[in-house]
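I have placed the structure first, in the form of structure tokens, so that the comments after it can refer back to it.
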């Protein structure tokens, strides 16, 4: 197994406002070549910290990729730190100098003296041309490791990496990654359901990723474990069944959109506590106008009555957050629009508005079709955003299951 | 100077799909206390790499913050790696166990056996309660350093950090950071408007950060430059005027919400291309029910006519994306609800639906009150999400300016 470490360099990446994202792009291309990223570091423009970062990376990874710190200013220290760590000299490369001077001349400018620094190359390094900036990249093999120094801006880094770095990279048989997405089950429950699979794996690596109301199970396999991967996937499918909504990185709203298009059905939604989030998720999909007819955000009781025909007495007797009101909302939006499915959401998103009987997180989701109306009650943990997201997730998942019936 | 290192733990953070973002939030709170983040590390769920990460962090930083790896699965190794590195024992804490069991019981579930692990506490550690998940946080002082182990999910980490961790943290003379938020102006224009300020600064550092339809200007000053900071802020205010919507990290919807509450006005919205996003942003604010009456997502032309009274002939003559339709939508939602302000959005969010006359990004935003209806036309760059966000931003900003009149 070839391992890699990615070092992102730049003090701005240590502020509250920016962080490294080049590593996501780089990791994808490494994975395709069977190289596994085992660590990432982010350090500022500080000579000592940079030398430290090189020391650590050389101790644990086979391939080291650095981004940033190749510019012309005094803050750009990547080259200097690398040669200090490796104890090799830095030499002026006249060809690069000429190329940088020409680049400035082309724009009618004289090269500022500080840019001369960008023509300094560690002994033994290969120069990686930069077609979108003045900072050339560098490639070096030392102490049995491969080191790539790449510029920080993505529009400089990505073409350089693709055109001149990848072919220098060691590579192995690529991994295969299978992804299963599951909505509305807690992480621990999924983990327990899949324990028979995960505990019996040999070469395949099992990972479970949780975000609110959303679980991803990843199976990662080297080429040698292709058969094991196939049977592990089959087992996961057998256990989870239609709880899996996708075997890909697509979203629940995309899956529902595809099913709606296939079924040639239409939906309309009536939301209270989610305040438009469900409609927004439906319509985030391009082409959703073929199945999403309309949405109403009935934040006031008056709106519930006027737009959905929910009787004022029903709201008064049960409260706006109740099973009967969710039912009336789903039926109201369906019959008033004449679509196939009416969905309703009413709940307490918090932080205010909770009571002993209906604490924050209490949510009712209704789904009406021409035959019946089903209402499900939930008790979602978390803050306002999370309760709202979970509610929209529950609604989309109910519609998905209905469409699979 | 107190220094900090942030370690993000989880193999998913080394995939092409996820990376650490908790550090952005944490860094902001550290900066406010004068603590400087000098490095960030991201490591997978691997015992050896975790122990290494602790060794490296202990060697270079005063405060070490870890996120992730506190869950119940076999992949969650943070506690174990820390005690292995520090050579201290891990003990079962019966109170935490009871609390986790109760948490499951509340939802009518029995605690899975694997969750027992989350009640294991390193000797000498302080437990940080988790109000939004089963993983308690941990705080430890060892070898002259402060170590915080926090859960990975932001909705668990952030409240824990604010409620129980911050008060344990060492602190110093903070920097002062002043933030100005500006909506709907391009970065280059803001930068040019503020050139007289930025070019004359001495000790104060000027940064401009751009995201879609949103610019932030940051002025960062050490304690010694307090006077310079005050006069720079005054200059920024004089130049930008009411283009600044906030001098803080609050959102545009929060600012509009405050203004609406002060003015005791009500608003209702009619959305087409934003599909509920504007309603969702209004209602993301707790207490928005006092000023947000309702929203309608009129994705079909029929819905525009039925819910807003937009004449079918008007749509046919001008197209759904047009000045007259935006006007009729804003007036329709206002008169039908009797609120103070009616807002409408209709546009081409893309990627499909554009034409030579109305390319993708063409958006009309209408704002009606009892006296007049104003419609503004925009041409937004970017993909579907970005066009939708910019449209909602434009609508909120128009309402803000109206409320300031």
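Protein chains in written order, with our numbering: chain A, 1 to 405; chain B, 1001 to 1405.
We put the CB at the ideal spot given by N, CA and C, even for glycine.
In this text, all values refer to a predicted model and were calculated from it rather than measured experimentally.
Which class does residue i belong to by DSSP, given the choice of helix, strand or coil?
| i | result |
| --- | --- |
| residue 1118 of chain B | helix |
| residue 392 of chain A | helix |
| residue 1266 of chain B | coil |
| residue 145 of chain A | strand |
| residue 49 of chain A | helix |
| residue 1044 of chain B | coil |
| residue 1037 of chain B | strand |
| residue 1003 of chain B | strand |
| residue 135 of chain A | coil |
| residue 24 of chain A | helix |
| residue 333 of chain A | helix |
| residue 1150 of chain B | strand |
| residue 1297 of chain B | strand |
| residue 1290 of chain B | helix |
| residue 211 of chain A | strand |
| residue 319 of chain A | coil |
| residue 30 of chain A | helix |
| residue 1201 of chain B | coil |
Let me know if residue i comes out buried or exposed under the rule of 16 or more other beta-carbons within 10 Å of its beta-carbon.
| i | result |
| --- | --- |
| residue 1384 of chain B | buried |
| residue 1313 of chain B | exposed |
| residue 107 of chain A | exposed |
| residue 1136 of chain B | buried |
| residue 155 of chain A | exposed |
| residue 1242 of chain B | exposed |
| residue 1248 of chain B | exposed |
| residue 1047 of chain B | exposed |
| residue 393 of chain A | buried |
| residue 1113 of chain B | exposed |
| residue 1040 of chain B | buried |
| residue 1351 of chain B | exposed |
| residue 1260 of chain B | buried |
| residue 1021 of chain B | exposed |
| residue 1109 of chain B | exposed |
Residue i touches chain B at which residues, Cβ-Cβ below 8 Å?
| i | result |
| --- | --- |
| residue 16 of chain A | 1024, 1025, 1027, 1028, 1031 |
| residue 174 of chain A | The contacting residues do not exist; residue 174 of chain A stays about 13 Å from chain B at best. |
| residue 303 of chain A | 1293, 1294, 1337 |
Considering only C-alpha positions, which residue in the set the options is nearest to residue i?
| i | options | result |
| --- | --- | --- |
| residue 254 of chain A | A:361, A:282, A:266 | A:282 |
| residue 1237 of chain B | B:1256, B:1185, B:1181 | B:1181 |
| residue 144 of chain A | A:61, A:98, A:374, A:73 | A:61 |
| residue 1276 of chain B | B:1224, B:1169, B:1346, B:1332 | B:1346 |
| residue 1353 of chain B | A:288, A:360, A:295, A:334 | A:288 |
| residue 992 of chain B | B:1375, B:1330, B:1161, B:1272 | Because chain B spans 1001 through 1405 in this model, residue 992 of chain B falls outside it and cannot be assessed. |
| residue 141 of chain A | A:175, A:232, A:365, A:83 | A:83 |
| residue 1390 of chain B | B:1212, B:1356, B:1302 | B:1212 |
| residue 1348 of chain B | B:1274, B:1095, B:1371, B:1100 | B:1274 |
| residue 1361 of chain B | B:1340, B:1388, B:1343 | B:1388 |
| residue 123 of chain A | A:197, A:298, A:92 | A:92 |
| residue 171 of chain A | A:11, A:146, A:163 | A:146 |
By the criterion of Cβ-Cβ separation under 7 Å, what are the contact partners of residue i in chain A?
| i | result |
| --- | --- |
| residue 1287 of chain B | 352 |
| residue 1386 of chain B | Correct list: empty, because the minimum Cβ distance to chain A is about 12 Å. |
| residue 1280 of chain B | 275, 276, 277, 280 |
| residue 1209 of chain B | 17 |
| residue 1112 of chain B | 188, 192 |
Using a cut-off of 9 Å between C-beta atoms, extract the partners of residue i located in chain B.
| i | result |
| --- | --- |
| residue 40 of chain A | 1008, 1013, 1014, 1019, 1020, 1040, 1041, 1042, 1043 |
| residue 292 of chain A | 1275, 1297, 1299, 1300 |
| residue 182 of chain A | By Cβ distance, chain B contributes nothing, its closest Cβ being about 15 Å from residue 182 of chain A, past 9 Å. |
| residue 390 of chain A | Here the premise fails: no neighbours, minimum Cβ distance about 11 Å. |
Residue i versus chain A: which residues are under 8 Å apart at the beta carbon?
| i | result |
| --- | --- |
| residue 1049 of chain B | 38, 39, 60 |
| residue 1075 of chain B | 207, 208 |
| residue 1056 of chain B | 52, 56 |
Using only the heavy atoms of the ligand FAD, determine whether one of them is closer than 8 Å to the beta carbon of residue i.
| i | result |
| --- | --- |
| residue 154 of chain A | With respect to the ligand FAD, the structure offers nothing, as it holds no ligand at all. |
Whose Cβ in chain A lies nearer than 9 Å to the Cβ of residue i?
| i | result |
| --- | --- |
| residue 1072 of chain B | 187, 188, 191 |
Which chain B residues sit within Cβ distance under 7 Å of residue i?
| i | result |
| --- | --- |
| residue 382 of chain A | 1132, 1155 |
| residue 379 of chain A | 1107 |
What alpha helix (DSSP H) runs, 4 residues minimum, are completely inside the segment 154 to 198 of chain A?
154 to 160, 187 to 193, 195 to 198
(request) Pick out the complete beta strand (DSSP E) segments inside the segment 344 to 382 of chain A, 3 residues or longer, and give them in chain order. (result) 362 to 368, 373 to 379
| task | Write down every uninterrupted run of the beta strand (DSSP E) in the segment 1047 to 1129 of chain B whose length is 3 residues or greater and which is fully enclosed by it, in chain order. | result | 1063 to 1067, 1090 to 1092, 1120 to 1122, 1126 to 1128
Please list the segments of the alpha helix (DSSP H) lying wholly inside the segment 1215 to 1283 of chain B, counting only runs of 4 or more residues, in order along the chain.
-> 1226 to 1240, 1252 to 1263, 1277 to 1283
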